[in-house]
Every structure is written in C-alpha cells, then in structure tokens.
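Encoded as structure tokens, the structure appears first; notes follow it.
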Amino acid sequence: MTQPRPSVCVFCGSRLGAQPSYEQAATETGRMLAHRGWRLVYGAGDVGLMGAVARATQQAQGETFGVIPEHLFSREVGKRDLTSYIVTETMHERKKVMFMNSDAIVLLPGGAGSLDEIFEVLTWRQIGLHKKPIFILNTDGYWEPLRRLIEQVIIEGFADPSLGTFLTWADTVPALEAALDAAFTA
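With the first letter of the sequence shown counted as 1, position 99 gets the number 99 in full-length UniProt numbering; the numbers rise by one all the way through.
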C-alpha cells in the first residue's frame, strides 16, 4: 500500500507586495511543490501571491486544492480550474478546511489575513491540538518583524520558550524544500 503524497498548506498575500522577489518566491514555491509531487492547499484566489503560487503549481502539472469563502469569491477572483475546489460560508471554515487537508503549513509574504492564518495554526500547535510542522519563508527578510515579535512574547513571559520551536524559518525556496523534505521523511 502506498502512502498518500503530502499536502502543503500555503498562506500568502492576495496582493503581490512591493518587491518582485515575493512573486518570484511564490512562483518558485508552486513549481517546487509540483516537482516534489506535494499537493498545494491554499485560499483558492487567482490574485496576488495566491494566484502566482497556484498558477506555477498548475503549469508544472501539480495538484491544487483551493478553499474560498463565498464572500471573497469576487474579491480574490476564485480560481475554479483547480484539481479540487471548495466554497465555504465563513473565513473560519476556510481555515479549518485548509488545515485539515494539509500535512504542513507554509507562510509566504502576506498581510493581515496571512497573519490571522498563521497565528491560528501556531496557537493550535501551542495548545496541543496538532503537531504539523509550520514553516516561514522569510523572503528578503520580510518576516523578521514577526520573528522579533515572537521572541518578544517569549522574553516577556507571555509564552513558553517552546513557542519559538514550532516555527522553522527558511530564507529561500531551496531551504524551504529541504526543510519540508526533512519533515516529511522524519
């Protein structure tokens, strides 16, 4: 009996951001997932970094699983040509479906929505609801303020030092690929 291929949930922006390197990293991530045979699980948008990662995965013949709430379908231009496509009623339901259908979580550059998503899965990990690995792709140091914030929360006594161990940081897509591979073969 063969093991199912891993699924990687990618949280990222519905905008491209200020630096071309963000879109490049999203595109490289999509290609990498497809080449490794890992399914992309994401927010089903066809805009910003979400669209870039999905299109790159598709162009490289990868499997895609998108989840979008009804109220964001027009705003995020719901991408219906995915391998699997689910429309939810709420944002919370979207996050839950994405999380339940993934084996690992990856955060690319993004805004408030991406922060909401990553903090929810990080909190779930902190309180023992899961042990899925969580990765931060720190393209051009984009997430350094987040790293400092988490360190500050620990230093000030609002979280156990173990909180910092729940995140694996990667500065490049090849480093992310190696970290994912290590997690999936452990």
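The beta carbon of each residue, even a glycine, is placed where N, CA and C say it ideally should be.
6 Å CB neighbourhood of residue i in its chain, flanking five on each side removed
| i | result |
| --- | --- |
| Val53 | Val10, Ala26, Thr29, Gly30 |
| Thr83 | Glu63, Thr64 |
| Arg125 | Phe166 |
| Tyr142 | Pro109 |
| Ala159 | Val153 |
| Glu177 | Met32 |
Pair within 7 Å by beta-carbon distance, residue i and residue j
| i | j | result |
| --- | --- | --- |
| Phe166 | Ile118 | no |
| Gly48 | Gly78 | no |
| Lys132 | Ala175 | no |
| Ser162 | Ser102 | no |
| Gly62 | Leu33 | yes |
| Ser21 | Thr172 | no |
| Gly37 | Arg15 | no |
| Thr57 | Leu40 | yes |
| Glu120 | Lys95 | yes |
| Ile127 | Leu107 | no |
| Glu179 | Ala170 | Note that residue 179 corresponds to Ala in the displayed sequence, not to Glu. In contact: Ala179 and Ala170 (Cβ atoms closer than 7 Å). |
Reduced DSSP secondary structure (H/G/I, E/B, other) of residue i
| i | result |
| --- | --- |
| Ser7 | strand |
| Val41 | strand |
| Ile127 | coil |
| Val67 | strand |
| Ser84 | strand |
| Leu137 | strand |
| Gly78 | strand |
| Asp46 | coil |
| Arg55 | helix |
| Leu16 | coil |
| Ala183 | helix |
| Ala60 | coil |
Cut-off 7 Å between Cβ atoms - residues of its own chain near residue i, not counting five sequence neighbours on either side
| i | result |
| --- | --- |
| Glu89 | Pro69, Glu70 |
Task: the region 34 to 44 in contact with the region 59 to 68 per 3-pair CB rule at 8 Å - done: Using a C-beta cut-off of 8 Å, the region 34 to 44 makes contact with the region 59 to 68, since at least three inter-stretch Cβ pairs fall below that distance.
Task: beta strand (DSSP E) runs wholly inside the region 87 to 113, at least 3 long, in chain order - done: Within the region 87 to 113, the complete beta strand (DSSP E) runs of at least 3 residues fall at 104 to 107.
Open item on the list: Three Cβ pairs or more, each shorter than 8 Å: is that satisfied between the region 98 to 114 and the region 150 to 166?
Closed with: Here the region 98 to 114 makes no contact with the region 150 to 166; the two share fewer than three CB pairs at distances below 8 Å.
Task: Residue ranges of each alpha helix (DSSP H) within the region 141 to 180, 4 or longer - done: Taken in chain order, the complete alpha helix (DSSP H) segments of 4 residues or longer contained in the region 141 to 180 are 144 to 155, 162 to 165.
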